[in-house]
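Asker: Here our numbering is used: the first residue of the sequence shown is 13, the next is one more, and so on.
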Amino acid sequence: YGMKRPGAGPQNYNGGPIEPTGPVKRPRPAASGNGGGGGGGAGAGEWVSGTVKSFNSAKGFGFISSPETSSDIYFNANTLGPEAQAAITSLVGSSVSCQLASVPDGKIRASSVTLL
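#1: Below 6 angstroms CB to CB, which residues in the same chain sit around Leu92 once its five sequence neighbours on both sides are set aside?
#2: When you compare only the Cα positions, how much space is there between Glu80 and Ile100?
#3: In whole angstroms, what is the alpha-carbon distance linking Ile120 and Ala98?
#4: Would you kindly report the start and end of the unbroken beta strand (DSSP E) that includes Ala96?
#5: Tell me, which residues are paired with Ser114 by DSSP?
Okay, structure coming up:
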């Protein structure tokens with residue numbers, strides 16, 4: 013008992029490996045109300061409608077302008093639904109609906125974008 017095998021990491025009394033313990037990761041408190049610095053009246057998880065203000069196809073991201081938020085909403089090309097992916101070259105000016113998500117810096121972004 014308690015013998016260490018050559019080349020093995022820390023072991024318990026039965027010779028089995030000891031599971032690593034690190035700092036306890038606690039979830040961050042959810043952002044309240046407007047999603048931090050980016051929202052007007054809409055918060056994370058809510059669906060809002062707006063217009064695609066800009067889209068950079070080379071970099072794969074763009075911004076949506078919505079009257080329901082006080083600032084533009086960032087979106088990534090990966091969040092576009094199939095119909096929006098098909099219309100990616102003519103996306104600017106299109107009416108869309110997007111689900112909001114908050115990021116650690118307090119800004120808002122779209123987690124899902126669909127054409128209206």
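Cβ coordinates follow ideal geometry from the N, Cα and C atoms, glycine included.
Values in this document were obtained by computation on a predicted structure and should not be read as measured data.
Answerer: The relevant details are as follows:
#1: Looking up residue 92 in the sequence shown gives position 80. Closer than 6 angstroms at the Cβ level, and outside the excluded window around Leu92, lie Val125.
#2: In the sequence shown, the residue the question calls residue 80 occupies position 68. In the sequence shown, the residue the question calls residue 100 occupies position 88. In a straight line, the C-alpha of Glu80 is about 24 angstroms away from that of Ile100.
#3: Position 108 of the sequence shown, counting from 1, holds the residue named residue 120. Position 86 of the sequence shown, counting from 1, holds the residue named residue 98. Using only the alpha carbons, I get a separation of about 25 angstroms.
#4: If you number the sequence shown from 1, residue 96 lands on position 84. Here Ala96 belongs to no beta strand (DSSP E); instead the alpha helix (DSSP H) covers 94-98.
#5: By 1-based counting over the sequence shown, the position of residue 114 is 102. According to DSSP, Ser114 bridges with Ile120.
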